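This report refers to the structure that appears directly beneath it.
Numbering (our numbering), first residue to last: 4 to 537.
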């Protein structure tokens, strides 16, 4: 009952955003130009606004001429000023938080989070949640499981602005945050659990207590499949905890978590579970209706497996959602651009920027965003394809990362970052291999890992050191800790590695003159080309 009341209250506060989004879908050009005008006017007095003359810009065309398209490296000095406590740097509005995410050359980026940026996110979240309940009204009647990000370890870097959120519900903020937390099937305190096994156990315990579970929202599909895979081994222990109350593993949990997961005995629910099948999720949660997760790019294989496991639930692919911006949202069976949130540009194959209303069906574009958080003409690095329209607004399908990026489970490994990590390890060990390239592989059981293909005799500690460097990317570290990615491996090539690399690249259609050594490849078939079993 508590969850149902909270869900209905959240829905009520989201209806105005749903209505505004519906109007914007019919005239995305007007909506987008209004957003750009508001952002420029309100931030003209910021340091960035003064540097590029925001106060003198009267049109998108002038904005495009005056303000450069940038990647994070160009904004990093400006963010460093925010870290030191300077005000009105990228925005006039104060920065509430700095949100960590993966970088391309460094281990992480810090994305400014302001109150208006939070409202931009709600302008996308609200329409999605209302549309979801319009399509599946029963999901409002029970609790939901929202996958919880682990607490960010304390950083040696000092910042005048807090880094990260204590709780994922803070993204929505205000009164909505209270409604969202009230519907949680798993308490947010679980972010404080340090080891993956304990976190999975307690998560499953909390979920098994919730017979009325209606909605599950995770990022990568493998997050949920790995959670379900752990259930049979702990089945008897979990059922005892449900029946007797409390948690048998409280001794390894932080005090805040012990209180959050404490529950009275529930023998009736335990009897229901005894009759259920731990490998059939629908016998555990008969009212589970929606699973929301990534479904495009590298997630398509894992999505198919999840749908096979949950045939009675609708597995809904999320739109293109990033820490930096929400680009598209699930809506009316498609994924339209979130035209009521941020300002978007899309570069076509010729590099020419286009606005949302100018996109064409079947064409591929790279995404550039401008947000109230202070990202001005920021290149996200994501490639999208227009797969339809809702009213006058294009619907997008995420294809993958632009440039050389490997992103199997959300780890977002960029080649520039892998190059830097490899060089760091080589320098520390005083050794340079004749050839070294990182690439993903999948084993017979369908599990993913990265393998370092290297020519020559590597020092014994090389692979462990490289894995340690790669963990400076927080998304890679999380995927490793959650076992979405297995341990880093090494494949030693006796000789002729570069020649084999060139032949494989040429056979894949590259001109010999265009083939260059790579520190990172997203191909998964290199073992066969380098003399191992495919």
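Note that beta-carbon positions come from the ideal geometry of N, C-alpha and C, so glycine has one too.
Keep in mind the model is a prediction, meaning the values are calculated, not measured.
Within 10 angstroms of the Cβ of residue i, are there 16 or more other Cβ atoms? Answer buried if so, exposed if not.
i	result
residue 538	Any question about residue 538 goes unanswered here, given that the chain covers just 4 to 537.
residue 29	exposed
residue 286	exposed
residue 289	exposed
residue 541	Nothing in the structure corresponds to residue 541, since the chain is present only between 4 and 537.
residue 445	exposed
residue 321	buried
residue 268	exposed
residue 401	buried
residue 262	exposed
residue 533	buried
residue 206	buried
residue 19	exposed
residue 496	buried
residue 480	buried
residue 509	exposed
residue 315	exposed
residue 254	exposed
One question on the structure: do residue i and residue j come within less than 8 angstroms of each other, judged by their Cβ atoms?
i	j	result
residue 459	residue 436	yes
residue 387	residue 359	no
residue 457	residue 439	yes
residue 342	residue 35	yes
residue 86	residue 162	yes
residue 348	residue 380	yes
residue 302	residue 224	yes
residue 115	residue 377	yes
residue 485	residue 264	no
residue 136	residue 127	no
residue 443	residue 353	no
residue 312	residue 228	yes
residue 345	residue 123	yes
residue 89	residue 117	no
residue 73	residue 382	yes
residue 403	residue 512	no
residue 173	residue 180	yes
residue 208	residue 244	yes
residue 462	residue 504	no
residue 37	residue 226	no
residue 375	residue 44	no
residue 31	residue 266	no
residue 6	residue 145	yes
residue 364	residue 405	no
residue 465	residue 432	yes
Tell me, to the nearest whole angstrom, how far the beta carbon of residue i is from that of residue j; I am working on the premise that it is less than 8 angstroms.
i	j	result
residue 175	residue 166	So it is not a contact: roughly 19 angstroms between Cβ atoms.
residue 373	residue 102	With 8 angstroms as the limit, residue 373 and residue 102 do not qualify as a contact, their Cβ atoms being about 17 angstroms apart.
residue 188	residue 147	6 angstroms
residue 362	residue 330	That belief does not hold up - the Cβ atoms of residue 362 and residue 330 are roughly 12 angstroms apart, past 8 angstroms.
residue 241	residue 211	6 angstroms
residue 469	residue 428	5 angstroms
residue 252	residue 201	6 angstroms
residue 141	residue 220	The Cβ separation is near 16 angstroms, so there is no contact.
residue 292	residue 317	6 angstroms
Can you name, in chain order, every residue of its own chain whose Cβ lies under 8 angstroms from the Cβ of residue i, other than the five neighbours on each side?
i	result
residue 476	105, 106, 110, 111, 414, 415, 416 and 420
residue 134	21, 333, 334 and 335
residue 91	48, 49 and 50
Leaving out five residues on either side along the sequence, give the residues of the same chain with a beta carbon under 7 angstroms from the beta carbon of residue i.
i	result
residue 195	154, 257, 259 and 260
residue 17	129, 132 and 133
residue 203	230 and 233
residue 538	As shown, the chain starts at 4 and ends at 537. That puts residue 538 outside it, with no answer to give.
residue 56	69
Once the 5 residues before and after residue i are set aside, which same chain residues still bring their CB inside 6 angstroms of it?
i	result
residue 71	none
residue 441	421, 453, 455 and 523
residue 489	450 and 452
residue 238	281
residue 338	322, 331, 398 and 399
residue 507	532
residue 501	438
residue 100	116 and 165
residue 236	none
With a threshold of 8 angstroms between beta-carbons, can residue i be considered close to chain D, or not?
i	result
residue 112	Absent from the structure: chain D. Only one protein chain is present.
Those runs of the alpha helix (DSSP H) which lie wholly inside the segment 16-62 and span at least 4 residues: The segment 16-62 contains, as complete alpha helix (DSSP H) runs of 4+ residues, the segments 31-45 and 50-54 (chain order).
Counting only runs of 4+ residues fully inside the segment 303-349, write out the alpha helix (DSSP H) ranges in chain order. Restricting attention to alpha helix (DSSP H) runs no shorter than 4 residues, the segment 303-349 encloses them at 303-312, ordered along the chain.
Give, in chain order, every unbroken run of the alpha helix (DSSP H) that is at least 4 residues long and sits entirely within the segment 69-151. Counting only runs of 4+ residues, the alpha helix (DSSP H) found wholly inside the segment 69-151 occupies 75-86 and 118-138, in chain order.
What ranges does the beta strand (DSSP E) occupy inside the segment 408-470, keeping only unbroken runs of at least 3 residues that lie completely in it? Every beta strand (DSSP E) stretch that sits fully inside the segment 408-470 and reaches 3 residues is listed by chain position as 438-445 and 451-458.
Ignoring anything shorter than 3 residues, give me the beta strand (DSSP E) runs that lie fully in the segment 474-525, in order along the chain. For the segment 474-525, whole beta strand (DSSP E) runs of length 3 or above, ordered along the chain, are 492-496.
Please go through the segment 207-244 and give each complete beta strand (DSSP E) segment of 3 or more residues, from N-terminal end onward. Runs found: 218-220.
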